[in-house]
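Here's the structure, in structure tokens; my notes come after.
In the working numbering, the protein residues as written are 30 to 422.
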């Protein structure tokens, strides 16, 4: 665009100089054909030509047109005609007045042109300034809108965080308050029948109460653990732990509720020491073993294997021979209250839906990861990693 403007200015300048040189000649050619002695009265038409050039193209084209006009007026219209001499004093005064007037008109026209150019430049600057202000106003409006959106989002986040904090506090308080009465119910329902020598029907009812109390206590314990994990207040006592000892202790706990369940574990675990919290690591195995025992056929074993899990890590796989995990459940498998269908249609046998969420929270608190794998031959395999102690790397 700038190049086209420069070309336009150059072309306009050439035309201005051509008009300054040729314009007076064309006007002279027109006037010499007018008959009569009064044709000199028309010479002031040259002033119009000079003024037009001064206004349109500036001072110098106007002065050149005035000089050429002077020469042609003197030669063609001032006696003696055909020469550049002036015989009459009146003609000399007229010619000088013509030249002075032409120069003044050219100067005034040039000044007017400069004023027009400055006004046009100022108008262009104003247009650009207005456009910039409009752009800035739009950007400022967008920025204000974005700031308002951010402020609203922050307020919503604070409200959600506050609501979540209240929920966690309520969950923790309710879970804590339920533990004591549940413990009393369990104690009385398990020791009462034997001490009182009650009837078989009463003993059966009390055992049912004890079973439901155990299930409710497990749910309360899981809810309390979940609240601690989500609040980020979980405290671990990390110490070197022999992996085989943790597996063996978890197997013994499993056999108290499911005596017939076999657990086959990798003898390589005898030589693996991990950096873990003994109680929380046992909780990881308890949940995974309980999950496998819940869904696998009674005559199938739960298998525990170990392998390298990366630099400074060991990978532990807990595999069962159950039906596996349904595809629709997998995306939210480690979320709260995600659980499979009841076993054999028995309500509550599908679990609380908190076990795997707690397992993930505990494993990640140990700087490990957990994932579901699809083994050959069916079933489900949960693979998680733990950090090794320096001597086991």
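Think of the CB as a built atom: it goes at the ideal place given N, C-alpha and C, for glycine as much as any other residue.
Residues that DSSP places opposite residue i in a beta bridge
{"i": "residue 337", "result": "343"}
{"i": "residue 399", "result": "413"}
{"i": "residue 304", "result": "269"}
{"i": "residue 286", "result": "According to DSSP, residue 286 bridges with nothing at all."}
{"i": "residue 259", "result": "Paired residue(s): none; residue 259 is not in a bridge."}
{"i": "residue 332", "result": "293 and 348"}
C-beta atoms of residue i and residue j nearer than 8 Å
{"i": "residue 150", "j": "residue 93", "result": "no"}
{"i": "residue 394", "j": "residue 363", "result": "no"}
{"i": "residue 298", "j": "residue 273", "result": "yes"}
{"i": "residue 384", "j": "residue 250", "result": "no"}
{"i": "residue 416", "j": "residue 342", "result": "yes"}
{"i": "residue 331", "j": "residue 295", "result": "no"}
Inter-residue Cα distance where the pair is residue i and residue j
{"i": "residue 392", "j": "residue 268", "result": "15 Å"}
{"i": "residue 319", "j": "residue 283", "result": "7 Å"}
{"i": "residue 59", "j": "residue 81", "result": "18 Å"}
{"i": "residue 104", "j": "residue 143", "result": "33 Å"}
{"i": "residue 243", "j": "residue 190", "result": "33 Å"}
{"i": "residue 352", "j": "residue 329", "result": "12 Å"}
{"i": "residue 36", "j": "residue 174", "result": "For residue 36, the pLDDT reaches just 48, beneath the cut-off of 50, and the residue's location in the model is therefore unreliable, although a value from the coordinates is still provided. Between residue 36 and residue 174, the C-alpha separation is close to 46 Å."}
{"i": "residue 327", "j": "residue 382", "result": "22 Å"}
{"i": "residue 302", "j": "residue 402", "result": "24 Å"}
{"i": "residue 47", "j": "residue 158", "result": "38 Å"}
{"i": "residue 167", "j": "residue 155", "result": "18 Å"}
{"i": "residue 145", "j": "residue 153", "result": "12 Å"}
{"i": "residue 33", "j": "residue 43", "result": "Low local confidence applies: a pLDDT of 49 at residue 33 is under 50, so the model's placement there is unreliable, with the coordinate-based value given in what follows. Rounded to the nearest angstrom, the two C-alpha atoms are 15 Å apart."}
{"i": "residue 293", "j": "residue 287", "result": "15 Å"}
{"i": "residue 390", "j": "residue 261", "result": "10 Å"}
{"i": "residue 165", "j": "residue 148", "result": "25 Å"}
{"i": "residue 169", "j": "residue 51", "result": "57 Å"}
{"i": "residue 176", "j": "residue 183", "result": "10 Å"}
{"i": "residue 185", "j": "residue 300", "result": "51 Å"}
{"i": "residue 339", "j": "residue 404", "result": "20 Å"}
{"i": "residue 259", "j": "residue 161", "result": "50 Å"}
{"i": "residue 97", "j": "residue 112", "result": "15 Å"}
{"i": "residue 235", "j": "residue 285", "result": "19 Å"}
{"i": "residue 172", "j": "residue 163", "result": "14 Å"}
{"i": "residue 255", "j": "residue 228", "result": "40 Å"}
{"i": "residue 31", "j": "residue 101", "result": "Model confidence at residue 31 stands at a pLDDT of 44, short of 50, so the residue's coordinates are unreliable and nothing is read from them."}
{"i": "residue 367", "j": "residue 360", "result": "10 Å"}
{"i": "residue 375", "j": "residue 181", "result": "Low confidence applies to residue 375: its pLDDT is 48, below 50, so where it sits in the model is not reliable enough to give any reading."}
{"i": "residue 396", "j": "residue 216", "result": "38 Å"}
{"i": "residue 337", "j": "residue 241", "result": "41 Å"}
{"i": "residue 315", "j": "residue 406", "result": "24 Å"}
{"i": "residue 344", "j": "residue 356", "result": "24 Å"}
{"i": "residue 232", "j": "residue 291", "result": "30 Å"}
{"i": "residue 317", "j": "residue 253", "result": "18 Å"}
{"i": "residue 179", "j": "residue 188", "result": "14 Å"}
{"i": "residue 237", "j": "residue 230", "result": "11 Å"}
{"i": "residue 62", "j": "residue 106", "result": "12 Å"}
{"i": "residue 91", "j": "residue 109", "result": "27 Å"}
{"i": "residue 45", "j": "residue 99", "result": "18 Å"}
Residue of the options minimising C-alpha distance to residue i
{"i": "residue 89", "options": "140, 62, 57 and 110", "result": "140"}
{"i": "residue 53", "options": "176, 76, 356 and 62", "result": "76"}
{"i": "residue 11", "options": "299, 194, 398 and 233", "result": "Summary: the structure shown does not reach residue 11, with the chain confined to residues 30 through 422, and so no result is reported for it."}
{"i": "residue 322", "options": "311, 340, 280 and 360", "result": "280"}
{"i": "residue 400", "options": "413, 388 and 407", "result": "413"}
{"i": "residue 306", "options": "342, 265 and 278", "result": "265"}
{"i": "residue 95", "options": "79, 367, 338 and 102", "result": "79"}
{"i": "residue 388", "options": "406, 365, 110 and 405", "result": "365"}
{"i": "residue 324", "options": "241, 337, 360 and 350", "result": "350"}
Whole-Å CB distance - residue i paired with residue j, under 8 Å assumed
{"i": "residue 276", "j": "residue 333", "result": "6 Å"}
{"i": "residue 408", "j": "residue 348", "result": "6 Å"}
{"i": "residue 21", "j": "residue 346", "result": "The chain is shown only over 30 to 422; residue 21 falls outside these bounds and no answer can be derived."}
{"i": "residue 23", "j": "residue 56", "result": "Absent from the structure is residue 23, since the part of the chain shown begins at 30 and ends at 422."}
{"i": "residue 257", "j": "residue 248", "result": "Between residue 248 and residue 257 the Cβ distance is about 15 Å, and since that is not below 8 Å, they are no contact."}
{"i": "residue 308", "j": "residue 278", "result": "Wrong, their Cβ atoms sit about 10 Å apart, outside the cutoff."}
{"i": "residue 245", "j": "residue 418", "result": "In fact, because the Cβ distance is near 38 Å, the residues do not count as touching under 8 Å."}
CB contact check: residue i to chain B, cutoff 8 Å
{"i": "residue 274", "result": "Structure shown: chain B not included; a single protein chain is present."}
Residue i: CB within 7 Å of a non-hydrogen atom of the ligand ZN
{"i": "residue 301", "result": "What this structure holds is no ligand at all, so the ligand ZN is not there to describe."}
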